[in-house]
Every structure is written in structure tokens, then in C-alpha cells.
Amino acid sequence: MNHATKEGTFRYLKKFGKYSKDFYRFNGELFFPSLGLGTYKPEPYKEDNYIINFAAAVQTALRNGINLIDTAINYRYQISEREIAEAVAPMFQAGEIKRDEIIIASKAGFIPLDFPFPDNPYGWIQSHIVDAGLAEKDEIIIDQHCMSRAYLRWSCEQSLKNLEMDTIDIFYLHNPETQLGYIDRDTFYYRCEEAFREFEALRSEGKIVSYGVASWNGFLYEENHTEYVSLYALIEIARRVGGDNHGFKYLQSPFNLAKPHAMAYANQRCDDGLYYPLMHACARFEISMIGSSPLLQKNLFKRPFTPKIAELLNTVPLTDVASALQFARSAGAISTVFGAVDPSHVSDNAVLGYLGAAPAIAMQSLIKDSYAL
8 MNHATKEGTF RYLKKFGKYS KDFYRFNGEL FFPSLGLGTY KPEPYKEDNY
58 IINFAAAVQT ALRNGINLID TAINYRYQIS EREIAEAVAP MFQAGEIKRD
108 EIIIASKAGF IPLDFPFPDN PYGWIQSHIV DAGLAEKDEI IIDQHCMSRA
158 YLRWSCEQSL KNLEMDTIDI FYLHNPETQL GYIDRDTFYY RCEEAFREFE
208 ALRSEGKIVS YGVASWNGFL YEENHTEYVS LYALIEIARR VGGDNHGFKY
258 LQSPFNLAKP HAMAYANQRC DDGLYYPLMH ACARFEISMI GSSPLLQKNL
308 FKRPFTPKIA ELLNTVPLTD VASALQFARS AGAISTVFGA VDPSHVSDNA
358 VLGYLGAAPA IAMQSLIKDS YAL
């Protein structure tokens, strides 16, 4: 099988029988680890991005019960995807893992350029995107973001080449709210609809299994904010283009100790006319939410956590990083992805597999009292 399956992901989790029974979660289709590995690295212009390599971290994750690997075509100018291929190829060949046991998620929307960084990035966009017929100039926002159907198809097919795979399990529309403020809201949702139509076509061709939307702040803002994105509007679009069996199954959004809005801020209207926090809205629409930025790109650690946090999360005597990850994976998202390039950091974080999730009362207490802030 060339994609993740229920049987394969269940076979994988059985290898880690010593982990807590709630470390893996089932959404009706796949068994997810409550911690996944991300391959994003900020500040891509820094040269040290190109002397690091995520391959060893990916292998360590897969050997320690973490079978969700998250990436995007634009991460480090396509290098992150290629390093995933570098990591899994020898593991497949040795029979250490099978393709149907691992969940691969990637994203499209940002223009990736390519490594090595081109001398003239604007010329690269002109020759590789505009002149190639993938998008008109007015479909490219601030020389960064594009949601034309042809571009999204190219992006998916390029990701498949980078990953050396036939199928991507979860394919996200990446930070679509980037375009808001440059186009009106009607145009924005029209472009989202066209994107979903292309994703449904990619599904029918077997190039992706399911799709979703990965956002930074779009789902968390107040409704009148310029970059607010309505989950309900996207659900209606998915139903319109894909029917009752549409492939819009996933949503990725930040959730962490300093940014708990997805669990605490009722800003998403549902079909009953009421407003719910993002996690609750996802549950109502049968969308699996995957948390991102559980460490807030390390900004959570500008000072030590108060001891109360570890006590509530049952992470005494583990590190503040472990406490932050424990919080992020305990709210109800099917998984949360953390970034790590050092294999030892991955194995350290995997220790949380032996702990049960924090109880709901502890989560509510932390959100209410903002102990970490």
C-alpha cells in the first residue's frame, strides 16, 4: 500500500505496547501518535539551515513511536521534504517500517523557490511559475503565496518527487489567510473553493488521500479581523465541491500554553448558529485538528515555568519542554507536531509516550490562570 492505512498504523502502534494507552488516537481512518514530528526551521536565509539535516531526527521519531511526519514544500526551499525521503528509504528497504504505517503530511501555498537559493528569486518565480503557466501575476500575493489550481497541482507533484512517494496522506492548503488584506473576502473564498476542487481531483488520482487547511492565526482571530478564516465557510465549500464524502478532513493550527485560543476562545460559528472554540468546532464538523507550534518556536522558555505547571500536568521532574508538549497534546487535538532536528531531542520528547494525557481539570486550570505567562 502506498499510503497510510488503518491496518498499517495499528500494526505500527502495537510495536510500542509499553506506551500509555492514550498516546495513540483513532479518528476513524488512522491511528495517530499524540506527538508528531515537524520539519520547519525558521529564518531560512541563515546558512546553518543547510548544514543541518532532519533525516536522523525522522528516523529517531519513527523508531520511538512517532509515525506522523509533517512538512511543507517551502520548508528550507524543499530540502525538508527531500530529507524525509533520505530518512525513510533505507528503513523501507530494510523492512524496518512499511509505507502504510506512517502518516506523511505536506502543504502547498507558499512559493518554495529551490536550493541553492536563486540569485534572483523574482526571476525564479517569473520563469518557474508565471512563464510556466502555473499562475497569473495577480494570483501571486507579495511574491510569496499562490492558490491557483495549476500551481497547487504542480506543488503536490513536486512534493511527491521530493518525498519519493506516490501518495501524500494529508495535503494542506498552507496559511491561506496570507492573501487576506490583499484581496477581498469573496475572492478569497473563491480561491479556496478552486483549491479544494483541485484537491478533490488529486484525491481521485490517488496523489493525496485527504486534505486540510494549515493556518497560523486565521482560525483564531476574532470574526471581524482582516485575516479571520471561517471553518464553517470552508466546510460549506468542501460539501459543495466534494459532496458528503469530501476529502476535507484535517485542520492544523497553533495550540500552546501561551496561545490556548483553540480551546478557550469561541470564535467559530457552526451550523447551529452558535459560536465554539476551534477544537470544538472541528469536532462538530468531524475535522481532525492537529496542533502546531507547541513550544511557540521556543518563545515559551524565556523564563522558567512555575512548579505548578509540572504538578498539574504530571510532568515532575521532566523539563519545561516536556511540560509544554504535555499541555499541547492533552487538549483534544488528534496530534500536535513539534520541530526537532537533534535526534536526542526527539527521543527525549518521546518519553511522554509513557505518560497519560493531562486531565481536563488541569488543562482548564492552566488556561484559566495562565500559569506560564
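First residue of the sequence shown: 8, per the numbering used here; consecutive thereafter.
Glycine included, each C-beta is placed from N, C-alpha and C at the ideal position.
Predicted, not measured: the structure shown is a model, and the values here were computed from it.
Under DSSP, M8 shares a beta bridge with no residue. Two segments are said to touch when three or more pairs of C-beta atoms, one from each, lie closer than 8 Å; by this definition the region 30 to 50 does not touch the region 127 to 138. The criterion of a C-beta distance shorter than 7 Å is not satisfied by D279 and N9.
By the C-beta density criterion, G140 is exposed, having fewer than 16 other C-beta atoms within 10 angstroms.
In terms of Cβ geometry, S337 and A365 form a close pair [threshold 7 Å]. Counting only runs that start and end inside the region 339 to 380, the alpha helix (DSSP H) elements of at least 4 residues fall at 350 to 357 and 367 to 376.
The alpha carbon of I59 has as its nearest neighbour, out of P123, L307, I86 and A79, the alpha carbon of I86. For the region 209 to 264, the full-length beta strand (DSSP E) segments reaching 3 residues or more read 215 to 221 and 255 to 261 along the chain. In this model, S211 and S217 are separated by some 10 Å (Cα to Cα). In this structure, the beta-carbon distance from A11 to D107 falls below 7 Å. Pairing I104 with L69 gives a Cβ-Cβ distance under 7 Å.
Of the other Cβ atoms in all chains shown, 16 or more fall within 10 Å of the Cβ of Q186; this residue is therefore buried.
Runs of the beta strand (DSSP E) lying entirely within the region 260 to 311 and spanning at least 3 residues, in chain order: 295 to 299. Under the Cβ criterion (8 Å, minimum of three pairs), the region 111 to 127 counts as touching the region 166 to 181. Going by C-alpha positions, H232 is about 39 Å away from K13. Rounded to whole angstroms, the separation of the alpha carbons of I136 and D150 is 11 Å. By a beta-carbon distance limit of 8 Å, G213 does not contact Y257. Their separation comes to about 18 Å. The continuous stretches of alpha helix (DSSP H) do not include R32, which lies in the beta strand (DSSP E) extending over residues Y31 to F33.
Listed in chain order, the non-local C-beta contacts of E36 below 7 Å within the same chain comprise K13, local neighbours out to five positions each way being set aside. Boundaries of the beta strand (DSSP E) around K114: I110 to A115. Between the alpha carbons of I374 and L264 lies a gap of roughly 7 Å. For F38, DSSP records a beta bridge to F33. Rounded to whole angstroms, N306 and P261 show a C-alpha spacing of 13 Å. The DSSP-derived three-state label of F178 is strand. Contact between the region 312 to 319 and the region 241 to 254 is absent, with fewer than three C-beta pairs closer than 8 Å. With fewer than 16 other Cβ atoms inside 10 Å of its own Cβ, A96 counts as exposed.
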